[in-house]
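Protein chains in written order, with the working numbering: chain A, 1 to 340; chain D, 341 to 672; chain V, 673 to 1177. Ideal Cβ positions, reconstructed from N, Cα and C, are used throughout, including at glycine. Keep in mind the model is a prediction, meaning the values are calculated, not measured.
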Amino acid sequence: MNKIKKMVGKDLDLSILVGLALLVLVTVAGAFGGSMYSGRNIQSMAFQIPEFGFLALAMMLSNMVGGIDLSIIANANTVAIFTAYVLNGTWAFGTEGIARVILALIVAAVTSLIFGAFNGLIIAKTSAPSLIATLGTMTLIQGIGMALTGGSSIGDIDPLFAEFGKSVVLGLPLIFWLFLLVSLILGLILSLTGFGRKLYLYGGNPVAARFSAVNNEKMSILVFMATGFLAGMAGLIILSRVNSAKVGYGDSYLLQTMIVCVIGGISPNGGKGKVQGVVIAIIMMQVMSSAFTIMSLSPYTKKLIWGIMLVLVLGLNHVIAAYSQKRTLKQSMKNLQSAQ
Amino acid sequence: MTKKIDQFQKMLLIIIVIYSVFVSVKNPQFLQVQTVFDIVKTSSTTMIVAIGLLVVMISGGIDVSFMAIALFGSYTSLLVMINTGINSLVFAFALSMLIGTCLGLVNALLINWLKLPPFIITLGTQNLFHGIMTTFISDKSFGSGVLPSCLHEFGQGTLFKVATENGSAGLTVSLIPVLLAGIATYFVLRKTMIGRGIVAIGNDEESARRAGFNPFKIRLFVYAYSGALAGMMGIIYAAQVNALYPNKMVGDELMVVAAVVIGGTKITGGQGKIFGAVLGVLIIYLLNSTLILIGLSSSWNNLFVGAILVIAVAVTSYQERVKNRSHLIFTE
Amino acid sequence: MEPILCARNISKSFIGVRALNNIDITINAGEIHCLAGENGCGKSTLVKCISGVYTPDHGEVEISGEKYKNLTPIEAMNKGIQVIYQDLSLFQHMTVAENIAISKLKFEGNKTINWKKIKSIAKEQLNKIGVKMNLDETVGEISMANRQMVAICRALAQDAKILFMDEPTTALTKTEVDHLMKIMLELKKKGLAIVFISHKLDEVFTVADTITIFRNGDKIGDFNSKDLDEKSLSYHMTGREIEYPRYHRTCKDNSPILEIDHLTRKGQYEDISMTIRPGDIIGLTGLLGSGRTELAMSLFGLNPTQSGSIRINGKETSIASPMAAKKQGIALLPEDRFNQGLFIERKIKENISSALIDTICKKGLIRKAEEDTIAQKYVNELKVRTPSIETVVGTLSGGNQQKVVIGKWTATAPKVFIMDTPTVGIDIGSKSEIYEQIHKFADGGMAIIFISDEIQEIMANCNRVIVLANGKCIREFDENELGQDGADKIITDLIGSQSAEEVTP
């Protein structure tokens, strides 16, 4: 018991999150019984998690440096459109079969990195707040997709690529494994590498980072490139699942990615949070989403619930923060007394 | 707020003029009174909410819930009118603006309580408001036949008509509320203590508090004001399209943010001009309605708006950064 | 004289520090009352408690007979309390006129704004103190000294009963200070109570009737200014009979480590030259805005120079970024510890390793054991008082936080360490420990540029002193000159000698 208490004390946010996740899982199980956790439903949830999950990881990275990236969804869709053009032969440059798929992957990686780097460059070189900088690039990237497609969806892609979104390995979809793998790598990078440490420092106080000889410009460009890359991955997964790409797919994800980050313990002011928190929040979100589908709620009602959730979670965070502030003050007075 | 017009707005004006000349050379149709009047009409609603957003941004905040507020206000008040048979424009505006004010107050209370970036909070309330309306009030659509007739008359009303080759073109009545909103906002920002308080908390909230302003009260006013303007805009919008849908307007708020930012408003607060916001809206609508005239489809719209926004953001932020750095102020 | 403000048993604690300890103070009408004490003794905190910015943990404030436990700034202002804060609290994007007049109009309960009235109020106040300024310029555009004038005018515009001035002279020249003193005496004649905070002793004696001395959050006592002389005042402030131990350079190596030649950045500093050897502690002093911080930032790669050259170990280099500065062995302890020096929410060890991340990484991975070793080493060496290196820096006191920032840069083994006002907001115990460390660094061959305007501190720690005024070097003192009697007086006068017409055009 004491051990648990100690763990809870050490990472209050994560403990609350795990508790909350368990609560949601149990409630949903109680309400819907077996149908919720049947093999089929679990698999279908695992198919839906990755596209949203990658967008949430992208949002997480931008939040961790105290910013926000509004362009991730536009980025995902436009990358998907580019890739679709390669895969349906329009931009295939004479490649066929597996070569074409590889070309498509390269195109996807390069475009998503360019979009990300563009965000990073504007933010690093002009000190523009990321909110409006990415509002601009969001419109611009969406505009590129719109200008190319005229708003229609681009399909007829190479069936080889569509396989990727459908294949199942060890009972779970390949794309779900991919999502777990990327989350794991990202988590390790953040907690173990010098880059990760600089990211936390830069996110927590960019001015002090600059005064500590951290290369802020490089950090901002790298972080937004990584954000762009993750968004591009989401785009690929959307393309392989839906078999077509179009501007405006998944617009409602923006709010949900932010909710997931907030629930997952990422501070919108930067410098705080862990990947595992966000992953738990993503899964919890998907379970709720599935429950809403089983209950056949209207999209409006879902909107209402997401809105309430965001406000509630922010409120809860506020209360917790006030509590831990008090705890810190108490602790510091103790330190002061023991020092005297 | 010292000079009527600054360098940045001059640039915007020049861009608008050059672009207009370019369009009219390519396609003389642009010069027709009808085209100009149409642009004024379609942009008028956006201008009203842009002015409301401008006030919020001058105070150092941001609001992305105003479209949901506009929808909530107009939908609810028109629904009341349909159900009770009231046919009064004044009632429509009054009720809608009242609802808008209340929802704005909710925003302000949440922002003050949670002390978090207003963008996240108002994104939450945007969904909250829209969800509450569609879940608890109604989510039915209403066509032109059911709406009160006063609304239609207002939507089609013109100030004056000009005879043209293909009939006559009229300047929309909707321009009057825009002018009213603009003048009222100018008066508030420039001539009232609360207006100076808005500018003051946008400059530096702590200093404003020390100067005797109450940031909480000012914030209540700011978001309520923005909400009231949104409520007003909702009615005008419904009058212009002469129909009522539970899913219109919401989703366009970022475009308005873009317009206000293009107009030179500082996102960190303390600075911004009504004229700039109006010019920003004008540029977006100008592009919107003239791309077809120069032979491009409207799908190119976002590309151009995005490019202008990126450039405007980059230029203003870079100037600010150079100025800050020379004063040894580091913001990041 | 009748008391118009009494504060009783005021205590206030912040994370890591007890800033005020059961303070009682009485302020009388028609009196100039000085709060004296070294940096970080609690003077400013007391003012903020009385003016309603902070709510004290214990105690109450009584103004004109009414008692308050939770005074708000607005209540305080309504009771006639006016404060000129150290950070001035001006509005950057608003005009000079509006900055001066807005509080007065707000205070009088005006609902609308009359711009003509704003201008006339501003003009009247500026005339009162005899300064000319362009009323339509925004405050962001004017000089530091002029901003201080605007803040003073704003406070004067309101018919205050008690006027608090928190270090109002840091950016003012001698002439301007004299002028301000004259105004203060006039206001006093009109029955105003003025509470004046300063760490500059000569100013304290010129005008004060009563002097209250603080040390480390405690009140030492109220004194009649006639009963004190500079020596006894200084004794009460520091709690020591003698001054700090004086630094003497012992380093044998005389080859210059850093040479600056005609370094210029227009509008900030001009034509600065100096040569620094290992073991030098060069005092760089001058008013706020005299170019001292501007020069420091340039040497650290944060403020590009326009002309002139920098040589390190005889080799000409340019320092374009803090990364380049670190590579060249230059470190900067910034003026603004909270925003520029610390990662407040992170652990001590993460703060100490923050400038060393690439060094403690192997193949991109942080070697945690090495990080701990380094952190522990500097925590021990600098005597940071903390339960462990895992403690979050924000829970430490100001002095210990500053030691962490010093540790961060010492860990990079710099050749030149620039310290910009290293002891502001630090308790006295930590202060002397920091001095001790600085001497140790210099004995080990490090060169130190020590920026400060506290004269005792400069005299104790520096073996050479450069005085800046208006961005120009007006005098350099070597070890011999510093050793002579009265050198401190000469330096104090020089600091304030900045020609007035250049500051107020």
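Worksheet item: For V/PRO728 versus V/SER683, is the C-beta spacing smaller than 8 Å?
Response: Counting from one through the third sequence, the residue named residue 728 of chain V turns up at place 56. Counting from one through the third sequence, the residue named residue 683 of chain V turns up at place 11. Contact flag set, yes.
Discussion item. Please return the same chain residues whose Cβ sits closer than 6 Å to the Cβ of V/ASN1072, not counting the five positions on each side in sequence.
Written reply: As a working note, residue 1072 of chain V is residue 400 in the third sequence. Taken in chain order, the residues that qualify are VAL1056, ARG1057.
Practice prompt. Leaving out five residues on either side along the sequence, give the residues of the same chain with a beta carbon under 6 Å from the beta carbon of D/ALA432.
Written response: Here residue 432 of chain D is taken as the residue at index 92 of the second sequence, counted from 1. If we look at D/ALA432 and ignore the five residues flanking it on each side, its Cβ neighbours are SER417, ILE575.
Fill in: Limits of the unbroken beta strand (DSSP E) element including V/LYS891
Within the third sequence, the letter at position 219 stands for residue 891 of chain V. Unbroken beta strand (DSSP E) run through V/LYS891: 890-896.
Fill in: Touch test, the stretch 172-185 of chain A against the stretch 98-113 of chain A, Cβ-Cβ under 8 Å, three pairs minimum
no
Worksheet entry | chain V contacts from the stretch 530-544 of chain D (Cβ-Cβ distance under 9 Å) | ARG530, LYS531, THR532, MET533, ILE534, GLY535, ARG536, GLY537, VAL539, ALA540, GLY542, ASN543, ASP544
Fill in: Where the stretch 130-142 of chain A meets chain D: residues whose CB sits under 8 Å from a CB there
LEU131, ILE132, ALA133, LEU135, GLY136, THR137, MET138, THR139, LEU140, ILE141, GLN142
Worksheet item: Where are the alpha helix (DSSP H) runs, 4 residues long or more, that stay fully inside the stretch 591-664 of chain D, in chain order?
Response: 593-602, 614-630
Worksheet item: Between D/PRO407 and the rest of its own chain, which residues show a CB-CB distance below 8 Å, the 5 nearest in sequence each way excluded?
Response: One-based indexing of the second sequence puts residue 407 of chain D at position 67. A small fix is needed here, since residue 407 of chain D is Met in this sequence, not Pro. Correct list, in chain order: VAL389, GLN466, ALA570, MET589, VAL590, GLY591, ASP592, GLU593, VAL596.
Worksheet item: What are the complete alpha helix (DSSP H) segments, minimum 4 residues, inside the stretch 439-498 of chain D?
Response: 458-472, 489-496
Practice prompt. Determine whether the Cβ of V/MET1091 lies closer than 8 Å to any Cβ atom of chain A.
Written response: Translated into positions along the third sequence, residue 1091 of chain V becomes position 419. So no, V/MET1091 is outside the interface.
Worksheet entry | Residue range of the unbroken alpha helix (DSSP H) whose run includes V/HIS1214 | Residue 1214 of chain V lies beyond the range of chain V shown here (673 to 1177); nothing can be said about it.
Worksheet item: Run through DSSP, which three-state label would V/SER716 get?
Response: In the third sequence, counting from the first residue as 1, residue 716 of chain V sits at position 44. Residue state, collapsed to three classes: helix.
Fill in: Contact with chain A by V/ASN681, beta-carbon distance below 8 Å
Position 9 of the third sequence, counted from the first residue, corresponds to residue 681 of chain V. V/ASN681 does not count as touching chain A.
Worksheet entry | Where V/CYS1134 falls: helix, strand or coil (DSSP) | Position 462 of the third sequence, counting from 1, holds the residue named residue 1134 of chain V. DSSP places V/CYS1134 outside both helix and strand once states are collapsed to three, so it counts as coil.
Worksheet item: Starting from V/CYS825 and walking both ways along the alpha helix (DSSP H), at which residues does that stretch end?
Response: Taking the third sequence and counting its residues from 1, one reaches residue 825 of chain V at position 153. Where V/CYS825 is concerned, the enclosing alpha helix (DSSP H) stretches over 816-829.
Worksheet item: If we count the other Cβ atoms within 10 Å of its Cβ and call it buried at 16 or more, is A/TYR202 buried or exposed?
Response: Here residue 202 of chain A corresponds to residue number 202 of the first sequence, with the count starting at 1. Answer is buried; the Cβ neighbour count reaches 16.
Fill in: Reference V/GLU1151, options V/ILE954, V/ASN975, V/GLY781, closest by Cα
Along the third sequence, one-based indexing puts residue 1151 of chain V at 479. For V/GLU1151, the nearest C-alpha among the options comes from V/ILE954.
Worksheet item: Using a C-beta cutoff of 8 Å, does D/ASN554 count as contacting chain V?
Response: Sequence index remark: in the second sequence, residue 554 of chain D carries index 214 (1-based). At least one chain V Cβ lies under 8 Å of D/ASN554.
Fill in: Amino acids of chain D, ordered along the chain, whose beta-carbon sits closer than 7 Å to that of V/SER775
On the third sequence, residue 775 of chain V is found 103 positions in, with the first residue counted as 1. The contacting residues are ALA551, GLY552.
Worksheet item: What residues in the stretch 59-74 of chain A bring their beta carbon closer than 9 Å to a beta carbon of chain V?
Response: none
Worksheet item: How many Å lie between V/GLN830 and A/GLY67 at the Cα?
Response: In the third sequence, the residue the question calls residue 830 of chain V occupies position 158. In the first sequence, the residue the question calls residue 67 of chain A occupies position 67. If you draw a straight line from the Cα of V/GLN830 to the Cα of A/GLY67, it is about 41 Å long.
Worksheet entry | Beta bridge counterpart(s) of V/ARG1039 as assigned by DSSP | Stepping through the third sequence from its first residue, residue 1039 of chain V is reached at position 367. V/ARG1039 pairs with nothing; no bridge assigned.
Practice prompt. Indicate the three-state DSSP secondary structure (helix, strand or coil) for A/LEU160 in the structure shown.
Written response: Translated into positions along the first sequence, residue 160 of chain A becomes position 160. Here A/LEU160 sits in helix by DSSP.
Worksheet entry | Contacting residues, own chain, Cβ-Cβ under 6 Å from D/MET675 (five flanking each side not counted) | Since the first residue of chain D shown is 341 and the last is 672, residue 675 of chain D is not available in this structure.
Worksheet item: Can the beta-carbon of V/ILE869 be found closer than 8 Å to that of V/SER716?
Response: Along the third sequence, one-based indexing puts residue 869 of chain V at 197. Along the third sequence, one-based indexing puts residue 716 of chain V at 44. Yes.
Worksheet item: For D/ALA654 versus A/THR126, is the C-beta spacing smaller than 8 Å?
Response: Residue numbering aside, residue 654 of chain D sits at position 314 when the second sequence is read from its first letter. Residue numbering aside, residue 126 of chain A sits at position 126 when the first sequence is read from its first letter. It is a contact, given that the beta carbons lie within the stated cut-off.
Discussion item. On the CB-based measure, 16 or more other CB atoms within 10 Å of its CB, does V/ALA708 come out buried or exposed?
Written reply: Position 36 of the third sequence holds residue 708 of chain V. The residue in question, V/ALA708, is buried, as its Cβ has 16 or more Cβ neighbours within 10 Å.
Item to complete: With a 10 Å radius around its C-beta and 16 neighbouring C-beta atoms as the bar for buried, classify D/MET533 as buried or exposed.
Response: Counted from its first residue, the second sequence places residue 533 of chain D at position 193. When all chains shown are included, D/MET533 counts as buried.
Worksheet item: If we ignore side chains and look at the alpha-carbon of each, how far apart do A/VAL79 and A/LEU180 end up?
Response: Position 79 of the first sequence, counted from the start, is the residue given in the question as residue 79 of chain A. Position 180 of the first sequence, counted from the start, is the residue given in the question as residue 180 of chain A. Rounded to whole angstroms, A/VAL79 to A/LEU180 spans 22 Å at the Cα level.
Worksheet item: Among V/MET821, V/PHE779, V/CYS825, which residue has its Cα nearest to the Cα of V/GLU796?
Response: On the third sequence, residue 796 of chain V is found 124 positions in, with the first residue counted as 1. Closest option to V/GLU796, Cα to Cα, is V/CYS825.
Discussion item. Looking at the strands, I want to know which residues DSSP matches up with V/GLU732.
Written reply: Residue numbering aside, residue 732 of chain V sits at position 60 when the third sequence is read from its first letter. Bridge partners of V/GLU732: V/ARG680.
Worksheet entry | Nearest-angstrom Cα separation, counted from A/ILE305 out to A/ALA31 | Residue mapping note: residue 31 of chain A aligns to position 31 of the first sequence, counting from 1. Residue mapping note: residue 305 of chain A aligns to position 305 of the first sequence, counting from 1. Looking at the two C-alpha atoms, the distance is approximately 17 Å.
Worksheet item: If we ignore side chains and look at the alpha-carbon of each, how far apart do D/TYR658 and V/ALA1159 end up?
Response: Within the second sequence, the letter at position 318 stands for residue 658 of chain D. Within the third sequence, the letter at position 487 stands for residue 1159 of chain V. The alpha-carbon atoms of D/TYR658 and V/ALA1159 are separated by roughly 46 Å.
Practice prompt. Determine the DSSP secondary structure at V/GLN1109, reduced to helix, strand or coil.
Written response: Within the third sequence, residue 1109 of chain V is the residue found at index 437, counting from 1. It is helical.
Worksheet item: At what residue ranges does the stretch 24-87 of chain A contain a whole run of the alpha helix (DSSP H), taking only runs of 4 or more?
Response: 39-64, 72-87
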